[in-house]
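>
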Amino acid sequence: MNFLNPYQMIYMIIITLLLIYDFFPVLFLSDIVSPEVLLGVMIGLFLSVLFKKNSHTDHDVRIKEQLFYTLYLLSLVGMLTALGGRSTIGISFNDVFLWIVLLLSCYHIFSYWKKAKQSET
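Quick look at the structure:
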């Protein structure tokens, strides 16, 4: 995972903690943050990671980075669901919004892959 810098690791830790809080609100102080604020912060963080200006000129690094983010978040949601958690803001594999975000992420991965193929020739 040498493609992740410290700021990206901090993003991942924050998103992980927010997802844990969302799936298991009794573990944290649930009166402090409302589900609407939690949803807004999570969407903002995810989109900032997804659409950030990337300093990597290497498209292979971008592809690995995007694949890592997508697979990590999907596996985290799956693991939290398997542990008996239930999202208070509705993140689940039955949610259309999750699949739209996944398709958007796949589009970005495909576009990076296409750019990598074009730069090879």
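Position 50 (the sequence shown) corresponds to 81 in my numbering; numbering is contiguous. Using N, Cα and C, we set each Cβ at its ideal position, and we do this for glycine too.
Within this structure, are the beta carbons of D53 and I131 separated by less than 8 angstroms?
Contact flag unset, no.
> Is I74 helix, strand or coil by DSSP?
helix
> Indicate the three-state DSSP secondary structure (helix, strand or coil) for R93 in the structure shown.
helix
> Taking the straight line between their C-alpha atoms, what separation do you get for L111 and I51?
Whole-angstrom Cα-Cα distance: 7 angstroms.
> Considering only their Cβ atoms, is the gap separating M43 from Y103 smaller than 8 angstroms?
yes
> Here's the rule I'm using: 16 or more other beta-carbon atoms within 10 Å means buried, otherwise exposed. How should L49 be labelled?
buried
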